[in-house]
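Everything on this sheet refers to the single structure shown next.
Residue numbers (the UniProt record's numbering): 1 to 405.
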């Protein structure tokens, strides 16, 4: 629950408030402010009279990241001496009346109508994205409110339709004019990801997936079934790596989104239809981040001088001669400089590939002996691919005209 939602319950009686902590947790109930001190969990809400609050304040025993609702009981108001890292709401009312009000709201919010947890998830997600909570302790405290406990290894899955043509909040329309209800898709995802915390943000579905088993690549889900579900609703999914640190959910979200954006933006087909894993597009995201830093420092979007000269020369030759020598070299490098594997990847005859490789050597003026520079050449191909296909730059504008015979 957001702290200002709680504040609004009493705003007619509020004589003072200081609310630096953006959240509070009503699901564990409301505690009384007592003169005896015990360290409280983040988000705890406490209510009591001014005397007990002043005693804890005097002893410097107020718990950080908690909310104190203090009833003045007809005493004169004086600002608290200590309010760093805690929420304080002073009320010009009796403790009895305040308890009556907050207990009714507690029953309504926690045990009443908010059964789909949408508001709970969305509040949490906004706080994550805007960095209002960032420490592991804060994140774990909020996650403890979720209906499903997270397992040890966490991954973030982003599901979205890239071309939603509908103006309705409850449905979306694809380019083929097929209309789907968004709540229907939520139910389908809930059926597939059983006992998993997921929700619709208003723009996309967020799946906070977790599993016990560690993994460096694939999650413990049926990728083919998931792909079929996504295809049925014209959706795509981005999947982050798995990690053990819930405070990195924001990073997991950005990397899952980047996999989607880069895969679709560069027209690089995913290994499994409709599912874009960060594992597959990791290197392009590194290039994407470096490109932004490069432009800030160098004041130019020309990435060509980060690439090997052979790559720029082949790119320009292809543009002039309408050829695909750079594509052939890229696949040749990816396949470990194996002509047969290159031919299969490009759906070419092996002899055609061999002829293309000979032409590359002719254009460059040397043999394709890249044993020491293999990674540099691969990276250069990817940078050129990124700039041409994702950044949508006409790279030819950076070159002088040359005649390649």
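Idealized CB from N, CA, C, for every residue including glycine.
In this text, all values refer to a predicted model and were calculated from it rather than measured experimentally.
Where does residue 44 fall in DSSP's three states?
-> As a first step, residue 44 is located in the chain shown; it is residue number 44 there, counting from the start. Three-state DSSP puts residue 44 in a strand.
Scan the region 243-285 and note each continuous beta strand (DSSP E) run of 3 residues or more that stays entirely inside, going in chain order.
-> DSSP runs (the beta strand (DSSP E)) wholly in the region 243-285: 275-277.
Looking at the unbroken beta strand (DSSP E) that takes in residue 156, where does it start and where does it end?
-> Locating residue 156 in the chain shown gives position 156, where the first residue counts as 1. 153-160 is the span of the beta strand (DSSP E), which, as asked, contains residue 156.
From 130, 219, 384, pick the residue whose C-alpha is nearest to that of residue 308; which is it?
-> Here the question's residue 308 lines up with position 308 in the chain shown. Ranked by Cα distance from residue 308, the first of 130, 219, 384 is 384.
As assigned by DSSP and simplified to three states, the class of residue 125 | In the chain shown, the residue the question calls residue 125 occupies position 125. Helix at residue 125.
Taking residue 311 and residue 381 to be in contact with their CB atoms under 8 Å, please state how far apart those CB atoms are, rounded to whole angstroms.
-> Within the chain shown, numbered from 1, the residue matching residue 311 stands at position 311. Within the chain shown, numbered from 1, the residue matching residue 381 stands at position 381. 6 Å between Cβ atoms; contact.
Integer Cβ distance of residue 357 from residue 346, believed to fall under 8 Å | Within the chain shown, residue 357 is the residue found at index 357, counting from 1. Within the chain shown, residue 346 is the residue found at index 346, counting from 1. So it is not a contact: roughly 12 Å between Cβ atoms.
Neighbourhood of residue 12 by C-beta distance below 7 Å, restricted to the same chain and skipping five residues each side | The residue you call residue 12 lines up with position 12 of the chain shown. For residue 12, where only same-chain residues beyond five positions count, there are no Cβ hits under 7 Å.
Between residue 326 and residue 387, what straight-line distance do the alpha-carbon atoms span, to the nearest angstrom?
-> To locate residue 326, count along the chain shown from 1; it is residue 326. To locate residue 387, count along the chain shown from 1; it is residue 387. Taking the straight line from one Cα to the other gives about 14 Å.
Is it true that the region 173-186 meets the region 278-288, where meeting means three or more beta-carbon pairs spaced less than 8 Å apart?
-> no
Mapping DSSP to helix, strand and coil, what is residue 32?
-> Your numbering for residue 32 matches position 32 in the chain shown. Strand, per DSSP.
Distance CB(residue 68)-CB(residue 88) smaller than 8 Å | On the chain shown, position 68 is the one that residue 68 refers to. On the chain shown, position 88 is the one that residue 88 refers to. Yes.
Please say whether residue 145 and residue 129 have beta carbons closer to each other than 8 Å?
-> Within the chain shown, numbered from 1, the residue matching residue 129 stands at position 129. Within the chain shown, numbered from 1, the residue matching residue 145 stands at position 145. No. Outside cutoff.
Would you call the CB atoms of residue 406 and residue 363 closer than 8 Å?
-> Any answer about residue 406 is impossible in this case: the structure gives the chain only from 1 up to 405.
Per-residue burial, residue 142 [other beta carbons within 10 Å of its own, 16 or more giving buried] | Along the chain shown, read from residue 1 onward, the residue named residue 142 stands at position 142. By the 10 Å Cβ count, residue 142 comes out buried.
By DSSP, does residue 237 sit in helix, in strand, or in coil?
-> Here residue 237 refers to the residue found at position 237 of the chain shown. In the structure shown, residue 237 sits in a strand (DSSP, three-state: E or B).
Can we say the region 88-100 touches the region 63-79, given the rule of at least three CB pairs closer than 8 Å?
-> yes
Out of curiosity, what's the CA-to-CA distance linking residue 221 and residue 203?
-> To locate residue 221, count along the chain shown from 1; it is residue 221. To locate residue 203, count along the chain shown from 1; it is residue 203. So the two alpha carbons sit approximately 24 Å from each other.
What's the C-alpha gap between residue 112 and residue 97?
-> The sequence position of residue 112 within the chain shown is 112, counting from 1. The sequence position of residue 97 within the chain shown is 97, counting from 1. Residue placement at residue 112 cannot be trusted, given a pLDDT of 45 that sits under 50; the coordinates are not used to answer.
Name the two residues that bound the continuous alpha helix (DSSP H) containing residue 334.
-> What you label residue 334 is simply residue 334 of the chain shown in a count that begins at 1. Residue 334 -> alpha helix (DSSP H) spans 325-334.
To which residues does DSSP link residue 69 through a beta bridge?
-> Counting from 1 along the chain shown, the entry for residue 69 is found at position 69. For residue 69, which the question treats as bridged, DSSP gives the partners 47, 89.
Kindly indicate which three-state DSSP category residue 193 falls into: helix, strand or coil?
-> As a working mapping, residue 193 is identified with position 193 in the chain shown. DSSP places residue 193 in the coil class of the three-state scheme, outside both helix and strand.
When you compare only the Cα positions, how much space is there between residue 294 and residue 324?
-> In the chain shown, counting from the first residue as 1, residue 294 sits at position 294. In the chain shown, counting from the first residue as 1, residue 324 sits at position 324. The alpha-carbon atoms of residue 294 and residue 324 are separated by roughly 28 Å.
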